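Enquirer: For reference, the structure I am asking about is given below.
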DNA sequence: CACTTGGGTGAGAACGTTCTCAATCCGGGG
DNA sequence: CCCCGGATTGAGAACGTTCTCACCCAAGTG
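Protein chains in written order, with this note's numbering: chain A, 664 to 1025; chain B, 664 to 1025.
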C-alpha cells in the first residue's frame, strides 16, 4: 500500500515547501496559488516539493488576505424538516458549483439562538447569509449584519422593512387556490392547520378572521389570508374554530385534528400548511378511525416524498423547494461577487398536484 | 427605531477599538477575549468602545493563532436523505452545545466529490471530521487526513483497516432479526431490497448468496449477510433473484419491486434496507394494484416520520439515528479536545417496531 | 530601607498566506 | 556594445488576532 506512513501532527506551511523547492515563499505561493507568473522550472520544483511534503494550503491565512472566506452561512429553524433539508441541498449545490462552502446553524425557531447564530456567522466572516428567520422581530439584528457588509437573502419568510433579497412563493395565492379547489368540490366546512404560534392564534380569534390582514406579511399569515379570501369570495363565513395554530410539530397537528373532530360540526376537509402537519392529521385520523378521503378530505402544502406513495396519494400544493434554495444561493453569490443590483424579491411558481385525497361532495 | 444607521463596509479591528479605548491592542484583546488579567477600568473602557463601534472578533485571525477553528466537517452522501439530515441534527446539536460549528458537504455517493471534499475540509483546517464514506475505496484519502492530524469518525459505514472511530448499529444482527420475524409469520419467499450497486449485485449473483461474506464489512453487505443467516437457519434456500441491488433512489426500488412481481414465483414479503426504498415499494404496489399487507408484507429499516401515519402503519427496524449523530459528535469532540483513548467502535441498539404492515400467513 | 510578589500593561513576535514593489534576468533591436 | 521591455524573482508588508516577554508599580516582608 502506498505511504500512509508516519504520524504528522501539523501540516507543512508554504515556507517549508519553498525551502524544499529552493525558491522564495512568494514564488512558491505563485506556483501553488496559480497567480502571478512563474517559470516552468520553478513551478515544477514547487509542485513536486508540495506533493512530497503533503502540503495543503491554509485557507484561513488566505481568507485573512483576500477578505473572502468562500463560505456561506445558512440559518434555518430545523435541518430535519424536509423543506429545509431540500432547500439546503439547493443552496449547497449552487455554492459548491461556484467554489463556496456552507456553514449550517439550526435556530429551532428560537430568537435567542438565531441572534447568537448571526453573531457567530458574522465573526466567522462568512461572505453571505441565507436565513429563514423565525420572526420579523429579528429585523434589527439582521439589518446589523447587512450594515456590516454581509449580504443576506431571506428564504421562505419575509421580514418587512429589511434591506435584503427574498426568495419564496406567492403564499396568499397558493393557499387561495388550494382552498378554492376544495370549495369547488363542494366543501363548505374547511379546516386550516397553520402551524403558527400564539401570536397568530390571537390575531385569528376575531370574528371572520379579520385580524389576519395585520400579519399577511408572514408566510403563515399570507396563507391564512389566502384561505380567508377564497372562503369569502365563495360566500362562506370563516369560522375561527376551524383554524388552528398550535405549533409546527407532528403531534401538535394530531392534537389539533382530534379537537376539530370533537366539534359539534366537524370539518369535511382539511388544509395543512406543511407536510409535517399533514402527517399529524393522518396520524389523528388513524387514531380516530376516520378514513381519507371517505370521511374527510386532506390537502397539504409541500410534495413530500411519501405524498405519492401512501394510500390514498395526497393532493398537494407543491413548492419548488430545491429551486427556492438554489435561487437563494444564486442571488446571494451574485451579490457576493460584486453585483450591485437593487434588492429583489423572487416569487417562484407553485403547482397544485391533484391526487386522491380530496373527494367531491357533489 | 434604534440605530440601524450608516453603511459600514468593513468591520473595525481590535486595533481601532484599542485606540478608541485608549489602551494597547494587547489589553483590548485581553478584555474582549477574557484571558490574561485586565483592570476593571480598562475592561469597561474597551467593552464600551467595542459596543460603540460594533466590534466583532475575527475568528479567522484567532484560529490562525490558536490552531483551532472550532469547526467540524461533515461529509455525507446526501443531506436530503432523512437518515443523514437527522444524524446531522444530532452532530450539530452536540457541536453547538460545546461551541463548535458545522461545515457541510454532500458527496452524492461520488468518490471524486468525496475526495475533493476531504481536501477542501483539510484546507479549511476543520478540527475534526464526521464522514459517511461512499466506499471503502477511499481508505487512503481518509488515512491521509488522519495522518495530517485531523481526527475522523465514521458514521453508519465502516472502512476496514482505517484508523478511525466508528458509530453505527449491528447491521447483521438487525437484518437477521427482521428476517426472522417475517419467517416466524410463515413467510418463506422474502425479497430483499438493498439499495446497493453493481459491485454488490455481482457478489450476490452466486448460488445461495455465498459471495456476500466478502463484503460483510460494509453496511449493506452486513445486512444482506444477516438476511442470509436467518434464511439458512430456518432451512430456507436464499434465492438470488429475490435480492435486488439497483440503486438508492425511490424509483430504483419501485422498478425492482415491479420486477419481483413479474417473477413466476413472487415474494410474499419484502425487507427494504432504508425508508426511501420502502417508499419505492409502496409506490410500485400502488401501481401494480397490490395491497399491503393483504397481498404482500413489508418491513423496512428506519422509522421515517411517515411510517406510523400511513395505512397500514409500517413495521420497521428503528435505528437511533439522532443518537448515532450525537455520539459521533461526542467521540469526535472528545478527541479534538485532547482525549488520547484508543480507536473505539460504538454499536448502538436498534429496536424493532411492530406495526401492521407484516401479516401472518399461518 | 531594600527585596520580593504579583497584577496590570504594552511592544513586538507569531500564525500562513497574498500583495506590493523593486531588482534581476533575458533576448532582440539599434 | 548598449538599451529596452517583459518575464521572473525575492524581500518585506499586510491581514487581525493571541502569545511571550519585559517592565512598571503598589503592597507586603524582612
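We treat Cβ as the ideally placed atom computed from N, Cα and C, and that holds for glycine. Owing to the predicted nature of the structure, the values given are computational and were not obtained by experimental measurement.
List the whole-angstrom C-beta distance separating residue 731 of chain A from residue 988 of chain A, where the pair is believed to meet the contact cut-off of C-beta under 8 Å.
Expert: Here residue 731 of chain A is taken as the residue at index 68 of the first chain, counted from 1. Here residue 988 of chain A is taken as the residue at index 325 of the first chain, counted from 1. Not quite, the Cβ-Cβ distance comes to about 22 Å (not below 8 Å), so this is no contact.
Enquirer: Counting Cβ pairs closer than 8 Å, one from the region 952-962 of chain B and one from the region 866-874 of chain B, do we hit at least three?
Expert: Judged by Cβ distances under 8 Å, the region 952-962 of chain B makes no contact with the region 866-874 of chain B, as fewer than three pairs qualify.
Enquirer: Put residue 797 of chain A into one of helix, strand or coil per three-state DSSP.
Expert: Counting from one through the first chain, the residue named residue 797 of chain A turns up at place 134. Three-state DSSP puts residue 797 of chain A in coil, outside helix and strand.
Enquirer: How would you list, in chain order, the residues of chain A whose beta-carbon sits under 8 Å from the beta-carbon of residue 968 of chain B?
Expert: Here residue 968 of chain B refers to the residue found at position 305 of the second chain. In chain order: 913, 939, 942.
Enquirer: Could you tell me the alpha carbon to alpha carbon distance between residue 923 of chain B and residue 875 of chain B, rounded to whole angstroms?
Expert: Within the second chain, residue 923 of chain B is the residue found at index 260, counting from 1. Within the second chain, residue 875 of chain B is the residue found at index 212, counting from 1. Taking the straight line from one Cα to the other gives about 20 Å.
Enquirer: Once you ignore the five residues that flank residue 836 of chain A on each side, which residues in its own chain have a CB closer than 7 Å to its CB?
Expert: Indexing the first chain from 1 puts residue 836 of chain A at position 173. Answer for residue 836 of chain A: 889, listed in chain order.
Enquirer: Which residues of the region 808-832 of chain A have a Cβ closer than 7 Å to any Cβ of chain B? Give them in chain order.
Expert: Under the 7 Å Cβ criterion, the region 808-832 of chain A contributes 810, 811, 812.
Enquirer: Is the region 846-855 of chain A in contact with the region 884-899 of chain A, if contact means three or more CB pairs nearer than 8 Å?
Expert: Flag = yes, the region 846-855 of chain A and the region 884-899 of chain A touch.
Enquirer: Tell me which residues share the same chain as residue 808 of chain A and place their Cβ nearer than 7 Å to its Cβ, disregarding the 5 neighbours each side in the sequence.
Expert: Against the first chain, residue 808 of chain A aligns to sequence position 145. Hits under 7 Å: 781, 785, 792, 815.
Enquirer: Among B/726, B/683, B/721, whose alpha-carbon lies nearest the alpha-carbon of residue 706 of chain B?
Expert: As a working note, residue 706 of chain B is residue 43 in the second chain. The shortest C-alpha separation from residue 706 of chain B is found at B/683.
Enquirer: Please list, in chain order, the residues of the region 957-988 of chain A that have any C-beta partner in chain B closer than 8 Å.
Expert: For the region 957-988 of chain A, which is checked against every Cβ of chain B, the residues closer than 8 Å are 967, 968, 969, 971, 972, 973, 974, 976.
Enquirer: Quick check on this structure: which residue in A/693, A/802, A/738 has the alpha carbon closest to the alpha carbon of residue 789 of chain A?
Expert: One-based indexing of the first chain puts residue 789 of chain A at position 126. If we check each option's Cα against that of residue 789 of chain A, A/738 comes out closest.
Enquirer: Shorter than 8 Å from the beta carbon of residue 696 of chain B to some beta carbon of chain A?
Expert: Reading the second chain from its first residue, position 33 is the one you call residue 696 of chain B. No, residue 696 of chain B does not count as interfacial toward chain A.
Enquirer: Could you tell me whether the Cβ atoms of residue 859 of chain A and residue 908 of chain A are closer together than 8 Å?
Expert: Translated into positions along the first chain, residue 859 of chain A becomes position 196. Translated into positions along the first chain, residue 908 of chain A becomes position 245. Going by C-beta atoms, residue 859 of chain A is nearer than 8 Å to residue 908 of chain A.
Enquirer: Drop a sphere of 10 angstroms on the beta-carbon of residue 736 of chain B, count the other beta-carbons inside from all chains shown, and report buried for 16 or more, exposed for fewer.
Expert: Here the question's residue 736 of chain B lines up with position 73 in the second chain. That one is buried.
Enquirer: Taking 8 Å as the CB-CB limit, is residue 671 of chain A close to chain B?
Expert: Reading the first chain from its first residue, position 8 is the one you call residue 671 of chain A. Low local confidence applies: a pLDDT of 46 at residue 671 of chain A is under 50, so the model's placement there is unreliable, and no value is given.
Enquirer: Does DSSP classify residue 620 of chain A as helix, strand or coil?
Expert: Outside the displayed span of chain A (664 to 1025) sits residue 620 of chain A, for which this structure offers no information.
Enquirer: Do you know offhand how far residue 1008 of chain B's Cα is from residue 826 of chain B's?
Expert: Your numbering for residue 1008 of chain B matches position 345 in the second chain. Your numbering for residue 826 of chain B matches position 163 in the second chain. Computed Cα separation, rounded: 11 Å.
Enquirer: Can you list the beta strand (DSSP E) stretches of 3 or more residues lying completely in the region 680-762 of chain A, in chain order?
Expert: Qualifying beta strand (DSSP E) stretches, in chain order: 734-739.
Enquirer: Name the residue from B/971, B/915, B/910, B/913 whose alpha carbon lies nearest to the alpha carbon of residue 939 of chain A.
Expert: Counting from one through the first chain, the residue named residue 939 of chain A turns up at place 276. Checking every option, the nearest Cα to that of residue 939 of chain A belongs to B/971.
Enquirer: Taking only three categories from DSSP, how would you classify residue 868 of chain A?
Expert: The residue given as residue 868 of chain A occupies position 205 in the first chain. In this structure, residue 868 of chain A counts as coil in the three-state DSSP scheme.
Enquirer: Residues of the region 738-750 of chain A with a CB closer than 9 Å to any CB of chain B: list them in chain order, please.
Expert: Listed in sequence order: 741, 742, 743, 744, 745, 747, 748, 749.
Enquirer: Please work out which residues of its chain come closer than 7 Å, Cβ to Cβ, to residue 1015 of chain B, disregarding the five sequence neighbours upstream and downstream, and give them in chain order.
Expert: Walking along the second chain from the start, residue 1015 of chain B turns up at place 352. Excluding sequence neighbours, residue 1015 of chain B sits near 840, 841, 844, 980.
Enquirer: Which class does residue 879 of chain B belong to by DSSP, given the choice of helix, strand or coil?
Expert: Within the second chain, numbered from 1, the residue matching residue 879 of chain B stands at position 216. DSSP places residue 879 of chain B in coil when its eight states are reduced to three.
Enquirer: Starting from the C-beta of residue 664 of chain A, find all residues in its chain whose C-beta is less than 7 Å away, skip the five residues before and the five after it, and write them out in chain order.
Expert: As a working note, residue 664 of chain A is residue 1 in the first chain. Note that residue 664 of chain A scores a pLDDT of 38, beneath 50, so its modelled location is shaky; the value from the coordinates is reported in the next line. Nothing meets the Cβ criterion.
Enquirer: Got a sec: which bits of the region 763-794 of chain B sit with their beta carbon under 8 Å from any beta carbon on chain A, in order along the chain?
Expert: Listed by position, the residues of the region 763-794 of chain B near chain A (Cβ gap below 8 Å) are 764, 765, 766, 767, 768, 769, 782, 783, 785, 786, 787, 788.
Enquirer: In the structure shown, what three-state DSSP assignment does residue 849 of chain A receive?
Expert: Here residue 849 of chain A corresponds to residue number 186 of the first chain, with the count starting at 1. Of the three classes helix, strand and coil, the one that applies to residue 849 of chain A here is coil, per DSSP.
Enquirer: Taking C-beta to C-beta, are residue 777 of chain B and residue 801 of chain B nearer than 8 Å?
Expert: Taking the second chain and counting its residues from 1, one reaches residue 777 of chain B at position 114. Taking the second chain and counting its residues from 1, one reaches residue 801 of chain B at position 138. Yes, they are a contact pair.
Enquirer: I'd like the list of long-range same chain contacts for residue 946 of chain B, defined as Cβ closer than 6 Å, with 5 residues on each side in sequence excluded.
Expert: Taking the first residue of the second chain as 1, we reach residue 946 of chain B at position 283. Around residue 946 of chain B: 917.
Enquirer: Please check if any C-beta of chain B sits within less than 8 Å of the C-beta of residue 720 of chain A.
Expert: The residue labelled residue 720 of chain A in the question sits at position 57 within the first chain. With 8 Å as the cut-off, residue 720 of chain A counts as an interface residue toward chain B.
Enquirer: With a threshold of 7 Å, establish whether the CB of residue 1016 of chain B neighbours any heavy atom of the ligand ZN.
Expert: Among the components modelled here there is no ligand, and therefore nothing to report on the ligand ZN.
Enquirer: Rounded to whole angstroms, what is the Cα-Cα separation between residue 723 of chain B and residue 873 of chain B?
Expert: Locating residue 723 of chain B in the second chain gives position 60, where the first residue counts as 1. Locating residue 873 of chain B in the second chain gives position 210, where the first residue counts as 1. Residue 723 of chain B and residue 873 of chain B: Cα-Cα distance of roughly 54 Å.
Enquirer: Does the beta carbon of residue 717 of chain B come closer than 8 Å to any beta carbon on chain A?
Expert: Taking the second chain and counting its residues from 1, the one referred to as residue 717 of chain B is at position 54. Yes, residue 717 of chain B lies at the interface with chain A (some Cβ there is under 8 Å from its Cβ).
Enquirer: Counting only Cβ-Cβ distances shorter than 7 Å, please list the residues of the region 850-874 of chain B near chain A, keeping chain order.
Expert: Going along the region 850-874 of chain B in chain order, one finds no residue with a Cβ nearer than 7 Å to chain A.
Enquirer: Taking residue 990 of chain B and residue 830 of chain B to be in contact with their CB atoms under 8 Å, please state how far apart those CB atoms are, rounded to whole angstroms.
Expert: Translated into the one-based positions of the second chain, residue 990 of chain B becomes position 327. Translated into the one-based positions of the second chain, residue 830 of chain B becomes position 167. Indeed, because the Cβ distance is near 5 Å, the residues count as touching under 8 Å.
Enquirer: Are any of the Cβ atoms in chain B nearer than 8 Å to that of residue 723 of chain A?
Expert: Position 60 of the first chain, counted from the start, is the residue given in the question as residue 723 of chain A. Chain B, which has a Cβ nearer than 8 Å to the Cβ of residue 723 of chain A, makes this yes.
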